[in-house]
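Visitor: Below: one structure in structure tokens.
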């Protein structure tokens, strides 16, 4: 992660939506949800994207926010 962003490198070419499809496939596996549950809200054709992941089954451990003790 970089600040509040997740930085990823995709091997697929950014033509015909191949990189977006690979990104969605990868994230669906990581969050254990269906590919249809992930949508690109902003940045469909750009390098910076905003995604919506509906009902993820799990949050990958390196993305979890540690609980703060009181």
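Numbering (this note's numbering), first residue to last: 1 to 70.
Ideal Cβ positions, reconstructed from N, Cα and C, are used throughout, including at glycine.
From this set, 20, 28, 23, which residue's C-alpha is nearest residue 57's C-alpha?
Guide: Ranking 20, 28, 23 by Cα distance to residue 57 puts 28 first.
Visitor: Run through the stretch 10 to 51 for me and flag every whole alpha helix (DSSP H) of 4 or more residues, listed as ranges in chain order.
Guide: If we require 4 residues or more, the alpha helix (DSSP H) runs fully inside the stretch 10 to 51 come out as 18 to 31.
Visitor: Exposed or buried, what is residue 10 when buried is set at 16 or more other beta-carbons lying within 10 Å of its beta-carbon?
Guide: Burial call: exposed.
Visitor: Which same chain residues, not among the five before or five after residue 12, have their C-beta less than 6 Å away from its C-beta?
Guide: Answer for residue 12: 18, 19, 22, listed in chain order.
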